[in-house]
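*Asks:* Residues 22 to 123 in my numbering are what the sequence shown spells out, letter by letter. Note that CB positions come from ideal geometry on N, CA and C, so glycine has one too.
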Amino acid sequence: MARDTWAYREVAVESVSNPVTGVLEIHPMAGQAFAPTLSVHCARKLTDPTLYPPGTCFLLSAKLTDRLGGEPYLYAWHGDPVVVLSRAQAKKFLAEYRRIRI
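#1: Determine the DSSP secondary structure at A109, reduced to helix, strand or coil.
#2: So, for T86: in the same chain, excluding its five sequence neighbours on each side, which residues have a beta-carbon less than 6 Å away from its beta-carbon?
#3: Which residues share a DSSP beta bridge with C78?
#4: Are the CB atoms of V37 and G31 within a distance shorter than 7 Å?
#5: Can you grab the Cα-Cα spacing for the pair S107 / Y29, in whole Å?
#6: Express the C-alpha separation of M50 and A83 in angstroms, rounding to a whole number.
#7: How should A111 be labelled, buried or exposed, when 16 other C-beta atoms within 10 angstroms of its C-beta is the threshold for buried?
#8: If you check the beta carbons only, do V61 and V103 fall under 7 Å apart?
#9: Who are the near neighbours of Q53 in its chain, counting only those whose CB is closer than 8 Å to its CB and skipping five residues on each side?
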């Protein structure tokens, strides 16, 4: 079955170290329609600190979903290409997103 591309949207995310476990997690950046505390399920290589240090920003094509009525989360297909954003590119993306929403 093909992916429903209409359900996916571009989301700027960043890797953040969990203060309890120390493991890298991916969360949306502030300033978008999604809370920065929302979990993101994506390719595991994005949470590999040897490839991408904490604080690395990515641009993902993701959709909001839940599993059998559980907690909502963002899902990004693991086979999509990895797009790394610099802080300046992320700031520009978020500024453009804010202009579109107004």
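*Replies:* On the basis of the coordinates in this document:
#1: helix
#2: Y96
#3: E35, L106
#4: One detail in the question is off: residue 31 reads as Glu in this sequence, not Gly. Contact: no.
#5: 22 Å
#6: 13 Å
#7: buried
#8: no
#9: V32, A33, L115, Y118
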